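Just below is one structure, and these are the notes that go with it.
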Amino acid sequence: MICAPLNETQHTSHWQLQGDDYPQYTNVTYPWIHHDDIKAPFAPTNYNPVGQYTRTFTVDKSWNNQPIYLSFQGVESAFYVWVNGELVGYSEDSFTPAEFDLTPYIQEGENKLAVEVYRWSDASWLEDQDFWRMSGIFRDVYLYSTPPVHIFDFTVRAQLDDKYVNGKLTISADITNYIEQIAEHVTLEAMLYDAELKEVLNQPLQTSLSIHEQETALLEAGIASPNKWSAESPYLYTLVLTLKGGDGNVIEAQSCKVGFRTFELKDGLMKINGETIVFRGVNRHEFSATKGRAGITKEDMLHDILLMKQFNINAVRTSHYPNASGWYELCDEYGLYVIDETNLETHGTWSYLQEGEQDAIPGSKPEWKENVLDRCRSMYERDKNHSSIVIWSLGNESFGGENFKHMYDFFKQKDDTRLVHYEGIFHHRDYDASDIESTMYIKPADIEKYALMNPKKPYLLCEYSHAMGNSCGNLADYWNIINQYPILQGGFIWDWRDQALETTTKEGITYLAYGGDFGESPHDGNFSGNGLLFANGDVTPKLYEVKKCYEAVSWKATDLRQKTFTVQNDYLFTNLKDYEFTLTVTKNGEDIYNYSFIVDVKPQTTKEIQLPLDDYKKSQNDDEFIATLSMKLKSQTKWADKGHEVAFEQFILPAQVASQPAAETKAPRAIKDTNQELTIKADSATLTFNKESGLLTSYLCKDTELLLDGLQPNFWRAVTDNDLGNKLQERCQVWREASLNRELESFSVQEQQNHIAITTRFCFHALENTTCEIVYKVDNSGQVAIRQTLVPSNTLPEIPEFGLRFTMPKEFNQLSWYGRGPHENHWDRNTGAKVGYYTSDVKSQVTPYLRPQECGNKTDVRSARVLNENSVGFSIKGTPTIELSALPHTPFELESYDHHYKLPVSDKTSIRINYKQMGVGGDDSWGAKTHPQYTLYANRSYVHEFMLKPMV
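Residues in the sequence shown are numbered consecutively from 9, following our numbering.
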């Protein structure tokens, strides 16, 4: 039992984060299975901590003769309330408010409130969400009082007519009389104000009524050509309801924001204000690394809202419970479409591909009907007036059954302005309880199959692109298909933020903890690390790919030689003339031309434009000219500053090839050849090859050694979470072994007129019938042209990567490159990374995923440098491009540790120069492999070429 005073600093918290009990992360498994062998609906009894909270309070005298209520906005999982020693009531449903009438229990002077919270209850069977299992009073608690005659509740509908031009405002208000003595001649008035708080109605709407216990007042008004609400333009009016007594004095006033919009299913598609909507969405848990789900502030929520808007996200699913009320207010204000989800998940009571309902809860079991309906009702009544909410969801991963039809019917009877969603009917179709066909983690090809089946329902991916660790590969492939078929109306990435808790080791090291770090069992490890944000709220590289794929504008080059481009505007209501466009031309990554312009392109149309581009000429054969088109905010908005980039595209421009003689090179002046080593002395460097290992082991630049470990064939990356999920570490283990152990078959030297050629040929005990040949051509400048050829056996599994790795002393920590960046990018996740010239230090290349894994990769690299503070080091040049990684740790070190803080202090810079690394994948993290087009299969040969040059 845990006892604590109910005070301002402690009550909105999880007691597990206050030093009592333990936090526990599980995905599907119910958390009590190792200490309580129970079946639904029974609650654990062997271990079930109880939190007891007490405090005293005094009621202000101004509340005398008025009803007094106590409101709990969120308590997990169930609780009793006492006032002055008398039991007031009991409540469960952790994520919707519970309110108690304290009027009969209040006494003059000091009053004592006691609350007893149970970690688990029968309700916990319905709250098996994929999150940290914690408990306590985690949202606001407050007392409030109302006049005896009171606007108890009101419902606002602000719809558009059939032509989406004029609006209709409908208000239904329940007026209660607490003392149950007739209150005569009570007047309810309503006035609507625009965003500048100017009155919209010529006069207030009003109705008079007499109230004994409760009466419902109806008010209606037509609104000519209202400003419409959408995520693109979230215009809000303010509705003020005023209750007046028979003497004309104000009894009470209440208000809410109102947005005029029509969301409907029309012509088989979901439409907002008459236009077909596309949800560019994300799932969001309420979470803070320091507070869990407790005490989430407006600032916390606004942090998320601003990032979602800045990264082109237009929709959010409140997975898998109603969020704090303030979240919906911000979605109304800033413009996000919301799927509001009932607090229901019972994943641990059923399994995929099971036949019939069996033990699934709630299924068709009558004993659960009222419980799940109460959860729907609580969410609906709290959230019904929010314009941002366009879809009600019946819950998550709870199989199917008749109770979902009851829930569906409840929403349809209550609300004809929104649709109802439930993914679970995909698993059990005996009861249709969804207006939308919704699935999770379906591959791109399979959603296209649905689109081609002439389906009756619009389709949503309620969860997709599982963002666990280094993930979200092939996101662009999803959107290439979604953009082709109107019936495919978008999706919601899983999910927004890593769920990891900031904690401290015994040695005082602060780190982000995941499942198992608190000694709890069962647990699901780092499976909670699925975020587009890190747990501390920082952006991961994955979010830049989301931003690119979620753009609502696109460019295509119609004819680059004629400088013509086609602009497509996929916004529903926004003309592109509201943005500023810039054209930037770079030569080898450096700006040489900038031009700003405006384009008038109406929503959902395309337009061809011609841009003032020169005819470019190369001064060197490898010069490259790139045009970057960028769409930016013309002025400051609530969610971003003027100049914020909303969308971009890049084009490699045609250029006249330079006419220049080939550079003359000479062979190095001297070589030293012994049985053990071959040493080549060039003007700027001395290179040493070990003839027993076949490796280039020393690269002495003046008096500075550039190499710690020699250049060696590499086929391995630090396994990602997705790799572990599809068992790549087992299936492809031979490539890891081959990266560490090889056998030199031959070593030969040829002296040519302009270079010395060293050819090494390797075979591998782990790889049957597989060879790797490396040819080094060293000229007198010390530059080395490297050609690596892999001829694998077609019986081998896919190759994680193909290239060369080596290490340099840790002083070589300055990195620059001309390629995609500045953030980490991969073969199947690089559309959001611009080609440009970037600089960084090596330690910043580590991406702090919860579990150390592959990170820091760069694709389409034309050239790069790795230097020390004296600008000595290597220049690397692709022929034409390479993939590059520069990290403080090798892949083998990274994957050997389960937390970053456990990694040893680095004494090196680990360089990998690759032909390619396979994509990171991300359809799911428990079996899905990288897509074929981003996979290095062993049924073909690979050739990898680049130049290595000393910088002095």
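Yeah, the Cβ is synthetic: ideal placement off N, Cα and C, and Gly gets one too. Since this is a predicted model, take the numbers as computed values, not measurements.
Evaluate residue i with the Cβ neighbour count: other Cβ atoms within 10 Å of its Cβ, from every protein chain shown; 16 or more gives buried, anything less gives exposed.
i      : result
GLY790 : buried
SER327 : buried
ARG870 : buried
GLU809 : buried
MET316 : buried
LYS957 : buried
ILE304 : buried
LEU736 : buried
MET9   : Caution is warranted here: a pLDDT of 42 is assigned to MET9, below 50, making its placement in the model unreliable, and the coordinate value is therefore given only provisionally. Answer is exposed; the Cβ neighbour count stays below 16.
TYR552 : buried
GLU204 : exposed
GLN421 : exposed
GLN115 : exposed
VAL173 : exposed
Leaving aside the five residues before and after residue i along the sequence, list all residues of the same chain whose C-beta is less than 7 Å from its C-beta, in chain order.
i      : result
THR518 : GLU510 and THR512
ARG769 : GLU753, SER754, THR779 and GLU781
ALA297 : ALA508, LEU509, GLU510, LEU520, ALA543 and ASN544
THR425 : ARG165, GLN167 and PHE271
ASN788 : THR673, LYS674, ALA675, PRO676, ARG677, ALA690 and ASP691
LEU798 : CYS780, PHE810, SER949 and TYR950
GLY117 : THR66
ASP731 : GLN737
ASN596 : ASP631, GLU632 and TYR826
TYR449 : GLU471, TYR472, HIS474, ASP931 and ASP932
Relative to the alpha-carbon of residue i, which residue among the options has its alpha-carbon at the smallest distance?
i      : options                           : result
GLU410 : LEU381, LEU714 and ALA198         : LEU381
SER747 : ASN734, GLY733 and CYS771         : CYS771
GLY403 : HIS429, ILE397, ASP424 and ALA663 : HIS429
TRP400 : TYR416, GLY408 and PHE407         : TYR416
GLU700 : LEU686, SER879, PHE656 and LEU637 : LEU686
THR636 : GLN612, THR673, TYR558 and PHE573 : PHE573
PHE418 : GLU431, GLU378 and SER406         : GLU378
TRP133 : PHE162, ASN210 and VAL36          : VAL36
PHE146 : ASN92, GLU84, GLY93 and VAL290    : GLU84
GLU240 : GLU207, TYR342 and HIS22          : TYR342
PHE139 : LEU911, GLU363 and ASP506         : ASP506
Beta strand (DSSP E) containing residue i: first to last residue?
i      : result
MET816 : 809–817
CYS384 : Taken as a continuous stretch (DSSP letters only), CYS384 belongs to no beta strand (DSSP E), being part of the alpha helix (DSSP H) at 377–391.
PHE108 : 106–109
MET966 : Because the chain spans 9 through 960 in this model, residue 966 falls outside it and cannot be assessed.
GLU756 : Note on residue identity: the sequence assigns Ser, not Glu, to residue 756. Where SER756 is concerned, the enclosing beta strand (DSSP E) stretches over 751–759.
So residue i and residue j are in contact, right, with Cβ under 8 Å, and what is the actual spacing, rounded?
i      : j      : result
PRO242 : ASP340 : 7 Å
ASN322 : LEU344 : 6 Å
HIS717 : THR815 : Sequence check: residue 717 is Asp here, not His. Contact flag correct, Cβ pair sits at about 4 Å.
PHE103 : ASN351 : 4 Å
PRO961 : LEU591 : Because the chain spans 9 through 960 in this model, residue 961 falls outside it and cannot be assessed.
THR855 : PRO549 : 6 Å
LYS642 : GLU653 : Not confirmed; about 12 Å, so no contact.
SER395 : PRO370 : At roughly 30 Å, the Cβ-Cβ gap does not stay under 8 Å, so SER395 and PRO370 are not in contact.
In the DSSP assignment, the alpha helix (DSSP H) including residue i goes from what residue to what residue?
i      : result
TYR243 : Premise fails: TYR243 is in no alpha helix (DSSP H) and is neither H nor E.
TYR152 : From DSSP, TYR152 is part of no alpha helix (DSSP H) but of the beta strand (DSSP E) over 149–153.
VAL554 : 550–557
LYS842 : From DSSP, LYS842 is part of no alpha helix (DSSP H) but of the beta strand (DSSP E) over 842–849.
LYS457 : 452–459
MET5   : Residue 5 cannot be examined here, being either before or after the span of the chain that is shown, 9 to 960.
MET415 : 410–422
GLY276 : Counting along the chain, GLY276 falls outside any alpha helix (DSSP H), and DSSP gives it neither H nor E.
Within the same chain, show all residues whose beta-carbon is closer than 6 Å to that of residue i, passing over the 5 residues directly before and after it, in chain order.
i      : result
LEU213 : ALA198, LEU227 and ALA229
SER153 : TRP71, GLN74 and ILE76
PRO52  : TRP40, ASP44 and TRP128
LYS413 : TYR439 and ALA441
THR1   : Given that the chain is displayed from residue 9 to residue 960, the structure contains no residue 1 and the question cannot be resolved.
ASP578 : ALA560
SER848 : LEU823
GLN26  : none
Using C-beta distances below 8 Å, list every residue in its chain close to residue i, excluding the 5 sequence neighbours before and after it, in chain order.
i      : result
PRO13  : Note that PRO13 has pLDDT 47, beneath the 50 cutoff, so the model's placement of it is unreliable and the number below is only indicative. Correct list, in chain order: TYR61, THR62 and ARG63.
GLU221 : THR184, ASN185 and GLU188
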